[in-house]
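Let me begin by presenting the structure, written as structure tokens, before commenting on it.
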Amino acid sequence: MIRLVEREKARPAARPRLNESSVEVVLLLVALTSTTVLALIAIFIFAEGLPIIGKIGVREFLFGLHWAPTAGSFGIWPMIVGSVAVTAGALAVGVPLGLAVAIFLTEFAPASAAAAMRPCIQLLAGIPSVVYGFWGLIVIVPAIRNTFGGPGLSILAGSIILGIMILPTIISISEDALRALPPAFKEGSLALGATHWQTIWRLLLPAARSGILTAIILGLGRAVGETMAVIMVLGNAVEVPTSLLAPARTLTTSIGIEMGYASGEHRQALFATGVVLFVIIMLVNMAANLAIGRRDSL
Amino acid sequence: MGDMQGALAHGRLLSLLLAFALLVAGCGRQSGGVTVAGSTSVQPFAEMLAEEYMATHPEQAINVQGGGSSAGIEAVRSGAAQIGMSSRELKGDERSLVRVEIARDAIAVVVHPSNPVRDLSLEQVRAIFSGQITDWAAVGGASHPIVVVTREEGSGTRGAFQEMVMGKDSNIDAGALVQDSNGAVRQVVSSDPNAIGYISLGLVNGQVKAISIDGIEATAENVLSGRYKLVRPFLFVLSAQPEGQAKAFIDYVLSAEGQRLLAQEGLLPAATR
Chain A
1 MIRLVEREKA
11 RPAARPRLNE
21 SSVEVVLLLV
31 ALTSTTVLAL
41 IAIFIFAEGL
51 PIIGKIGVRE
61 FLFGLHWAPT
71 AGSFGIWPMI
81 VGSVAVTAGA
91 LAVGVPLGLA
101 VAIFLTEFAP
111 ASAAAAMRPC
121 IQLLAGIPSV
131 VYGFWGLIVI
141 VPAIRNTFGG
151 PGLSILAGSI
161 ILGIMILPTI
171 ISISEDALRA
181 LPPAFKEGSL
191 ALGATHWQTI
201 WRLLLPAARS
211 GILTAIILGL
221 GRAVGETMAV
231 IMVLGNAVEV
241 PTSLLAPART
251 LTTSIGIEMG
261 YASGEHRQAL
271 FATGVVLFVI
281 IMLVNMAANL
291 AIGRRDSL
Chain B
1001 MGDMQGALAH
1011 GRLLSLLLAF
1021 ALLVAGCGRQ
1031 SGGVTVAGST
1041 SVQPFAEMLA
1051 EEYMATHPEQ
1061 AINVQGGGSS
1071 AGIEAVRSGA
1081 AQIGMSSREL
1091 KGDERSLVRV
1101 EIARDAIAVV
1111 VHPSNPVRDL
1121 SLEQVRAIFS
1131 GQITDWAAVG
1141 GASHPIVVVT
1151 REEGSGTRGA
1161 FQEMVMGKDS
1171 NIDAGALVQD
1181 SNGAVRQVVS
1191 SDPNAIGYIS
1201 LGLVNGQVKA
1211 ISIDGIEATA
1221 ENVLSGRYKL
1231 VRPFLFVLSA
1241 QPEGQAKAFI
1251 DYVLSAEGQR
1261 LLAQEGLLPA
1271 ATR
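So the protein sequences, as listed, match chains A and B.
In terms of the working numbering, the first sequence is residues 1 to 298.
In terms of the working numbering, the second sequence is residues 1001 to 1273.
Spelled out as structure tokens, the structure:
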């Protein structure tokens, strides 16, 4: 009874502090769940995937040319090459296009045009990837087949689709970078007699390069991780591709296409593919953080 | 009086509890049900049948799982499942198990409808899929590179095709396009005049043309008469003659209603033995 009274007395002063700390604890727990989930996923993927890499041998697994998991060959080199090729292709399509749009939006577009274009670009980011894939399968793939021959399902088709998919990332981040530049840069350059284009090409783009680099790296991360759209237009052949018109398979599509029926070592090998992907994505993110860090210190 | 009522209420409560406990125990036994495990090719059909069966027999529980034909046969042997599903014939000492054929599935080799090629020998199909023949001109078509479309590793259809067409010594070319469902293979073949693929006979429609193999057309009649060879059985496998719930379910699958449902999904009726 006495204690109760004491607590009653103590309450008015203690209450705000109690609330304060309980909010902190709750927020800490929430923050911990997200990192815990990440840790759990990482532990799970590594626990499932590492044993088979150990059994096959890192070298055999990474550089093996033959993937026939039900017959006991587990080489993912064709998929690594496929991932690199398609990602490079996506950047080749998406970066010039995205940069051009960003320059147009910041430097040339009338306010009304920019106001109309921005929501469209955001909408581009909201289209589900399976819709991109289906559109690619129905429009891009036959166009490639009819123009260049071959099956149409190819690195080229995957690059075009992924290039479009990474546009919103590239446009919005490089536009931010260009807008963040001090107006004095441009004014000074124009005052010195440089043309508008010279100012953009020689001054603004180099000055915004770390922001643009961040845009490219984040776009790269998206392209490496995309699965569904790529499954539909890439052809998924397990062979090191020899041309832009050849079909290929990426690390993600290999997991996506085979997970349904995989069991035993086959399943483990797909998890091991996930391990490789995990490491690649971690490296990409580290590169992005490095680029962002450079941008902040500018 | 008050005590009497109390005791009565107690008694009623007790009997209620007892009835509830019995009910729960009964449910528990029911939900143990029948476990059906194995071939991922048979799985969707078994799931469909189990669903229909449980709709009319709500007291029965049929639990369908995948895992592959070999895993299903192993599960029956170890007692983990009462019924195993297999999309291949039993071999070796597996033949000691009880084999119930529930349906047959034919695999059709399909090309674009505009392709002039109508017939291939089994050897030609094998050579095309293994990458030895790469141009349609070699098999009587217009000169154009052949686009080979296959299923992904682990797929039951691919496994059956490998076994029945490719055999032990040749493998499907690594450069072949890979699609992850019968429907996706059909889509690619229907849109590419130079493509060749394989799908379940039940899924052949106007979009693609089924090729005759060694002069035998891929039709339901030829499958039923045994002339068309690319046919695999869909089996239920048991460790002993079925009884109880398992027998009731198998009887349902083999009944006119069960067979009608399977035919509706594109499968062919079980061979009459």
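By construction, the Cβ of each residue, glycine as well, lies at the ideal position given by its N, Cα and C atoms.
Note that the structure is a prediction, hence the values are computed from the model and not measured.
Item                                                                                                                                                                                   : Value
What span of residues does the beta strand (DSSP E) with B/Glu1101 cover, start to end?                                                                                                : 1098–1111
Using CA coordinates, which residue listed in A/Val37, A/Met79, A/Ser22 is at the minimum distance from A/Ala269?                                                                      : A/Met79
Contact between the segment 198–211 of chain A and the segment 224–243 of chain A is defined here as three or more beta-carbon pairs at a separation below 8 Å; is this criterion met? : no
What separation, rounded to the nearest whole angstrom, lies between the Cα atoms of A/His66 and A/Pro142?                                                                             : 29 Å
Of all Cβ atoms in chain A, is any one closer than 9 Å to the Cβ of B/Gly1092?                                                                                                         : no
Using only CA atoms, which one of B/Met1085, B/Ala1106, B/Gly1266 lies nearest to B/Ile1073?                                                                                           : B/Met1085
In the DSSP assignment, find the alpha helix (DSSP H) that holds B/Tyr1252 and state where it starts and stops.                                                                        : 1244–1254
Looking only at its own chain, which residues have a Cβ that is under 7 Å from the Cβ of B/Gly1026, when we skip the five neighbours before and after it?                              : Note that B/Gly1026 scores 43 on pLDDT, short of 50, meaning its location in the model is unreliable; the coordinates nonetheless yield the value given after this. Answer for B/Gly1026: no residue qualifies.
Which residues in chain B sit within 9 Å of A/Glu239, going by Cβ to Cβ distance?                                                                                                      : Asp1173, Ala1174, Gly1175, Ala1176
Which residue from B/Glu1153, B/Ile1146, B/Arg1151, B/Gly1154 puts its Cα closest to that of A/Gly152?                                                                                 : B/Ile1146
Between which residues of its own chain and B/Ile1172 is the CB-CB distance below 6 Å, once the five residues before and five after are set aside?                                     : Phe1129, Thr1150
For A/Val284, is the classification buried or exposed, using 16 other Cβ atoms within 10 angstroms of its Cβ as the cut-off for buried?                                                : buried
Could you tell me which of A/Gly49, A/Phe148, A/Val101 sits nearest to A/Leu245, measuring between CA atoms?                                                                           : A/Phe148
Between the Cα of B/Ser1181 and the Cα atoms of A/Asn19, A/Leu91, A/Asn236, A/Ser243, which residue gives the shortest distance?                                                       : A/Asn236
Residues in its own chain within less than 6 Å of B/Pro1242 by CB, not counting five upstream and five downstream?                                                                     : Ile1250
Applying the criterion that 16 or more other CB atoms from any shown protein chain within 10 Å of the CB defines a buried residue, is B/Trp1136 buried or exposed?                     : buried
At which residue ranges does the segment 189–232 of chain A contain complete beta strand (DSSP E) runs of 3 or more residues, listed in the order of the chain?                        : none
Between which two residues does the alpha helix (DSSP H) holding A/Met117 run?                                                                                                         : 111–126
Express the C-alpha separation of B/Asp1105 and B/Leu1090 in angstroms, rounding to a whole number.                                                                                    : 16 Å
Within the 9 Å Cβ cut-off, does B/Gln1065 reach chain A?                                                                                                                               : no
In this structure, does DSSP put A/Thr250 in helix, strand or coil?                                                                                                                    : coil
What is the residue span of the beta strand (DSSP E) that A/Asn146 lies within?                                                                                                        : Premise fails: A/Asn146 lies in the alpha helix (DSSP H), 141–148, not in any beta strand (DSSP E).
Going along the chain, which residues of its own chain have a beta-carbon closer than 6 Å to the beta-carbon of B/Ser1212, five neighbours each way excluded?                          : Asp1119
Using only CA atoms, which one of B/Val1208, B/Gln1259, B/Pro1193 lies nearest to B/Met1048?                                                                                           : B/Gln1259
Mind checking the segment 1142–1166 of chain B against chain A and listing, in chain order, the residues whose C-beta falls within less than 8 Å of any C-beta there?                  : Pro1145, Val1147, Glu1152, Glu1153, Gly1154, Ser1155, Gly1156, Gly1159
Use the C-beta contact count for B/Leu1235: other C-beta atoms within 10 angstroms, 16 or more gives buried, fewer gives exposed.                                                      : buried
For B/Asp1277, name the three-state secondary structure that DSSP assigns.                                                                                                             : Since the first residue of chain B shown is 1001 and the last is 1273, residue 1277 of chain B is not available in this structure.
Answer yes or no: does any C-beta atom of chain A fall closer than 9 Å to that of B/Val1185?                                                                                           : no
Can you give me the Cβ contacts of A/Ser73 inside the same chain, cut-off strictly under 6 Å, excluding the 5 residues immediately before and after it?                                : His66
Which runs of the alpha helix (DSSP H), 4 residues or longer, sit entirely within the segment 1036–1100 of chain B?                                                                    : 1043–1056, 1069–1078
Does any residue of chain B bring its CB to less than 9 Å from the CB of A/Glu258?                                                                                                     : yes
Flag this pair as yes or no: are the beta carbons of B/Glu1068 and B/Thr1040 separated by less than 9 Å?                                                                               : Note on identity: in this sequence residue 1068 of chain B is Gly, with Glu being the wrong assignment. Contact: yes.
What would DSSP say about A/Ala288, mapped onto helix, strand or coil?                                                                                                                 : helix
A/Thr252 to A/Ala191, Cα distance in whole Å?                                                                                                                                          : 51 Å
Below 7 Å on C-beta distance, what does B/Thr1040 contact in chain A?                                                                                                                  : Tyr261
Out of A/Leu32, A/Ser34, A/Glu107, point me to the one whose CA is closest to A/Pro183's CA.                                                                                           : A/Glu107
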